[in-house]
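These protein sequence lines map, in sequence, to chains A and B. Counted the way the working numbering counts, the first sequence spans residues 1 to 374. Counted the way the working numbering counts, the second sequence spans residues 1001 to 1250.
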Amino acid sequence: MAIEKSVKETYYESIIKQGYSRRDFMKFATYIAAYMGLETSMIGQVAKSLENTFRIPVIWEHYQECTCCSESFIRSDHPIVSDIILDKISLDYTLTLMAASGHQAEAAKQATMEKYKGEYILCVEGSVPLGDDGNYCCIAGRSAKDLLIEAAEGAKAIIAWGSCASNGCVQAAYPNPTQATPIHKIIKNKPIIRVPGCPPIGEVMAGIIVHMITFGRLPELDGLGRPKAFYAKRVHDSCYRRPYYDAGLFAETFDDQNAKDGYCLYKVGCRGPMTYNSCGTIKWNNGVSYPIQSGHGCIGCSEENFWDNGPFYERLTGLAGFGIESSADTIGKVAAGVVAGGLAVHAVAANISKRKELKSRTSRGIQNEKKLDS
Amino acid sequence: MQTRKFRRVYVWELPVRFFHWINALSITILAVTGLIIANPPAILSNKEASDIYWFGTVRFIHFATAYVFFFNMIMRIYWSFVGNRFSSWKAFWPFNKNMWHNFLHVIKVDVFLANEKKPDIKDISIGHNSVAAISYVILFLLALVQVFTGFGLYSANAGWWLPKMFAWVVPFLGGDFIVRTIHHATTWLFILFTLIHVYLVFYHDWLEGRGEVSSMFGGYKFVCDERLKQLVEDEEIEAPKDEEALEIIE
């Protein structure tokens, strides 16, 4: 099979084979090193690793998802990214993009799993439905859960692409009818990199893979298993509209003058202050723009439960169990009113119920006062 | 008919009074700035953003006050081990028989306003009563919630190790959104506590006339003679050597 032949190639060899020049390759190494947050002296190491490392076999599974992660990935702004990762180097199995189909495709996956047991990287796009024995998502007649457990068994590491695989995303939104479950809740015994976002930024995805090739290990992860290089900061902290926030200048509605002037979208529900991602620095579509730059608040797509944390256009959102429209403030105000009313009633009742006690105390006090004169 | 003889008893020591007022002030500042941060007022200005920083200042006040609130709380925890009987952690420990007896008494007489035919002098608390004690334990737990969620949210931007120690809170609870919601909702519980707390202080002062309100300024409460004598009999406090000495018993 074609797979076996290409395995012997290094990343560099296959890039050159694709028709890129050495210059293109060096540009790519420089560019991806910058995205990974490495200093310029490390570019050499990135280039060297790509020259000397044999390709890591990758199995890319698609479960409950919309393929937006793959779409984002193949549109990452340097052509080598998609070429090295998708066309040539890595993918032994990805049912969306591979040439083989049907039994051939499944056979290719089986071959990779056997031959590279313990070596291949498993990329997962999409969540896994556990409801009704996993029947909501079946590939080649087998449930997603079954396939995931099988593929994870021999994997070196797992990359959970996108919010579906990392958090469950839209199909896990309340009431989650298919019991869509993120990967880390099913597979416990493998290192898992979570790359949330709907979709994640293409350069982030490429950066993570290149990091693994260059350094031979997983990138540094935070408490939620996300690579720190891309998810350590809130969108808010790298937002170009941040000065308006600190100045207290906010768009009140989407059609007011403040919005036209490009003021901060905090009050129209921007989730930037609660969302960890690189949108403010790497941006999208060749660094052209990102949602806030286009005048729409961040919806927090890389955060857990972002679908349920709505409405997207309000800052103080509804609390579960208290009705759709009641925010913490509405409930707080009502509770404070009820308590204040209750205290007023108590004060009146106290004066009635304890009137004898009060009366005798008062009269004794008055007598004492009179004694002062005598 | 004569008034009872009351004696001054030193209840709230100076650190306790300092704690109380610093705490009250910082909670007020934190609640006000917090609600402004949650829902900033619309301010129209023709200045450039580079010339204005009021929202940043409000946030700075919130964060700075949070530190005051936190260290003040640490001081009070320390004092609960070295202070007098009324400020000791034991006074807040809800697991003993006397405490529950007093709890039921306060619920009956002060919350549901029942009148007792034979008031027992033992039921009059010198420090705080058992219901108050439990409300302070709850307030302490709420304060912990605010400290953990607040420093948790703050940790991503912090450079100091102290707030960074709380960085685990955000992933533990599932993300900034839920942490912020908890932090915001708990603020309202502080407001509710304050309403009830202030009302009940006035209620006790008005009904019993033992200096409930002023005790948090001067430290003294008034306790009737018989109650103190009984405490001596029960060997809960030492017998005073002379008349005046009674005044400075704890």
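A virtual CB, placed ideally from N, CA and C, is assigned to each residue, including glycine.
Where residue 1222 of chain B falls: helix, strand or coil (DSSP): Numbered from 1 along the second sequence, position 222 holds the residue referred to as residue 1222 of chain B. Reduced to three states, the DSSP call for residue 1222 of chain B is strand.
Beta-bridge pairing of residue 10 of chain A - partner residues as DSSP gives them: Within the first sequence, the letter at position 10 stands for residue 10 of chain A. Per DSSP, A/54.
DSSP three-state assignment for residue 186 of chain A, whether helix, strand or coil: Here residue 186 of chain A refers to the residue found at position 186 of the first sequence. Three-state result, residue 186 of chain A: coil.
Ordered list of alpha helix (DSSP H) runs contained in the segment 1074-1154 of chain B, each at least 4 residues: Scanning the segment 1074-1154 of chain B for uninterrupted alpha helix (DSSP H) segments of 4 residues or longer gives 1097-1106, listed from N- to C-terminal end.
Residue 304 of chain A vs residue 1175 of chain B beta-carbon contact at 8 angstroms: One-based indexing of the first sequence puts residue 304 of chain A at position 304. One-based indexing of the second sequence puts residue 1175 of chain B at position 175. In contact: residue 304 of chain A and residue 1175 of chain B (Cβ atoms closer than 8 angstroms).
Residue 290 of chain A versus residue 1086 of chain B - alpha carbon distance: As a position in the first sequence, residue 290 of chain A is number 290, starting the count at 1. As a position in the second sequence, residue 1086 of chain B is number 86, starting the count at 1. Distance between the alpha carbons of residue 290 of chain A and residue 1086 of chain B is about 59 angstroms.
Helix, strand or coil at residue 31 of chain A according to DSSP, with G and I counted as helix: Counted from its first residue, the first sequence places residue 31 of chain A at position 31. Secondary structure at residue 31 of chain A: helix, using DSSP grouped into helix, strand and coil.
Among B/1113, B/1181, B/1030, B/1140, nearest to residue 349 of chain A - alpha-carbon criterion: Here residue 349 of chain A refers to the residue found at position 349 of the first sequence. Of the candidates B/1113, B/1181, B/1030, B/1140, B/1113 places its Cα closest to the Cα of residue 349 of chain A.
DSSP three-state assignment for residue 1029 of chain B, whether helix, strand or coil: In the second sequence, counting from the first residue as 1, residue 1029 of chain B sits at position 29. The answer is helix: DSSP assigns residue 1029 of chain B an H, G or I state.
Nearest-angstrom Cα separation, counted from residue 210 of chain A out to residue 89 of chain A: Here residue 89 of chain A is taken as the residue at index 89 of the first sequence, counted from 1. Here residue 210 of chain A is taken as the residue at index 210 of the first sequence, counted from 1. Low local confidence applies: a pLDDT of 46 at residue 89 of chain A is under 50, so the model's placement there is unreliable, with the coordinate-based value given in what follows. Straight-line Cα distance between these residues: approximately 12 angstroms.
Residue 1069 of chain B beta carbon near the ligand MG (any heavy atom closer than 7 angstroms): As presented, the structure is devoid of all ligands, the ligand MG included, so that no description of it is given.
Beta strand (DSSP E) segment containing residue 157 of chain A, residue limits: Residue numbering aside, residue 157 of chain A sits at position 157 when the first sequence is read from its first letter. It spans 157-161 - the beta strand (DSSP E) in which residue 157 of chain A sits, taken as one unbroken run.
Exposure of residue 214 of chain A, with buried meaning 16 or more beta-carbon neighbours within 10 Å: Residue numbering aside, residue 214 of chain A sits at position 214 when the first sequence is read from its first letter. Residue 214 of chain A comes out buried.
Exposure of residue 354 of chain A, with buried meaning 16 or more beta-carbon neighbours within 10 Å: For this step, residue 354 of chain A is matched to residue 354 along the first sequence. When all chains shown are included, residue 354 of chain A counts as buried.
Alpha-carbon to alpha-carbon, residue 39 of chain A and residue 399 of chain A: What is shown of chain A runs 1 to 374, which leaves residue 399 of chain A out entirely.
Buried or exposed (CB count within 10 angstroms, at least 16 for buried), residue 367 of chain A: By one-based count along the first sequence, residue 367 of chain A stands at place 367. That one is exposed.
Neighbourhood of residue 356 of chain A by C-beta distance below 8 angstroms, restricted to the same chain and skipping five residues each side: Within the first sequence, the letter at position 356 stands for residue 356 of chain A. For residue 356 of chain A, there are no CB contacts under 8 angstroms within the same chain when 5 residues up- and downstream are skipped.
Contact with chain A by residue 1205 of chain B, beta-carbon distance below 8 angstroms: As a first step, residue 1205 of chain B must be located in the second sequence, where it is residue number 205. Residue-level contact by beta carbon fails for residue 1205 of chain B and chain A, as no gap is shorter than 8 angstroms.
Terminal residues of the beta strand (DSSP E) in which residue 242 of chain A lies: To locate residue 242 of chain A, count along the first sequence from 1; it is residue 242. From DSSP, residue 242 of chain A is part of no beta strand (DSSP E) but of the alpha helix (DSSP H) over 242-246.
Contact list for residue 1039 of chain B against chain A, beta-carbon separation under 9 angstroms: Within the second sequence, numbered from 1, the residue matching residue 1039 of chain B stands at position 39. The contacting residues are 267, 315, 316, 329.
Segment limits, alpha helix (DSSP H) that includes residue 68 of chain A: As a position in the first sequence, residue 68 of chain A is number 68, starting the count at 1. Segment 68-74, the alpha helix (DSSP H) holding residue 68 of chain A.
Contact with chain B by residue 143 of chain A, beta-carbon distance below 8 angstroms: Here residue 143 of chain A corresponds to residue number 143 of the first sequence, with the count starting at 1. Taking Cβ atoms only, chain B never reaches closer than 8 angstroms to residue 143 of chain A, which makes this a no.
Span of the alpha helix (DSSP H), counted from its first residue to its last, around residue 209 of chain A: As a position in the first sequence, residue 209 of chain A is number 209, starting the count at 1. Note, residue 209 of chain A: alpha helix (DSSP H), 202-215.
Exposure of residue 1172 of chain B, with buried meaning 16 or more beta-carbon neighbours within 10 Å: Here residue 1172 of chain B refers to the residue found at position 172 of the second sequence. By the neighbour-count rule (16 or more Cβ atoms within 10 Å), residue 1172 of chain B is not buried but exposed.
Bridge partner(s) assigned by DSSP for residue 1232 of chain B: In the second sequence, the residue the question calls residue 1232 of chain B occupies position 232. According to DSSP, residue 1232 of chain B bridges with nothing at all.
Residue range of the unbroken beta strand (DSSP E) whose run includes residue 1008 of chain B: The count along the second sequence starts at 1 and reaches residue 1008 of chain B at position 8. Per DSSP, residue 1008 of chain B belongs to the beta strand (DSSP E) from 1006-1010.
Reduced DSSP secondary structure (H/G/I, E/B, other) of residue 355 of chain A: Counting from 1 along the first sequence, the entry for residue 355 of chain A is found at position 355. If DSSP states are grouped into helix, strand and coil, residue 355 of chain A belongs with the helices.
Cβ distance (whole Å) where residue 1259 of chain B is taken to contact residue 1063 of chain B below 8 angstroms: A question about residue 1259 of chain B goes unanswered here, because the residues of chain B that appear run from 1001 up to 1250.
Cutoff 8 angstroms: residue 1049 of chain B Cβ touching any chain A Cβ: Counted from its first residue, the second sequence places residue 1049 of chain B at position 49. The Cβ of residue 1049 of chain B sits closer than 8 angstroms to at least one Cβ of chain A.
Close beta carbons around residue 1099 of chain B, own chain, < 6 angstroms, minus the five adjacent residues each side: Taking the second sequence and counting its residues from 1, the one referred to as residue 1099 of chain B is at position 99. The beta carbon of residue 1099 of chain B sits closer than 6 angstroms to those of 1130, all from its chain and outside the five residues before and after it, given in chain order.
For residue 331 of chain A, the three-state DSSP class (helix, strand or coil): Translated into positions along the first sequence, residue 331 of chain A becomes position 331. Reduced to three states, the DSSP call for residue 331 of chain A is helix.
Exposed unless 16 or more other CB atoms sit within 10 angstroms - verdict on residue 174 of chain A: Working through the first sequence from its first residue, we reach residue 174 of chain A at position 174. Looking at its Cβ environment, which holds fewer than 16 other Cβ atoms inside 10 Å, residue 174 of chain A is exposed.
Residue 275 of chain A beta carbon less than 8 angstroms from that of residue 297 of chain A: Sequence index remark: in the first sequence, residue 297 of chain A carries index 297 (1-based). Sequence index remark: in the first sequence, residue 275 of chain A carries index 275 (1-based). Against a cut-off of 8 angstroms, the Cβ pair of residue 275 of chain A and residue 297 of chain A comes out as no contact.
Alpha-carbon spacing of residue 17 of chain A relative to residue 310 of chain A, whole angstroms: Reading the first sequence from its first residue, position 17 is the one you call residue 17 of chain A. Reading the first sequence from its first residue, position 310 is the one you call residue 310 of chain A. If I take the Cα positions, the gap works out to 49 angstroms.
Beta-carbon spacing of residue 1147 of chain B, residue 1071 of chain B below 8 angstroms: As a working mapping, residue 1147 of chain B is identified with position 147 in the second sequence. As a working mapping, residue 1071 of chain B is identified with position 71 in the second sequence. Not a contact, by the Cβ cut-off of 8 angstroms.
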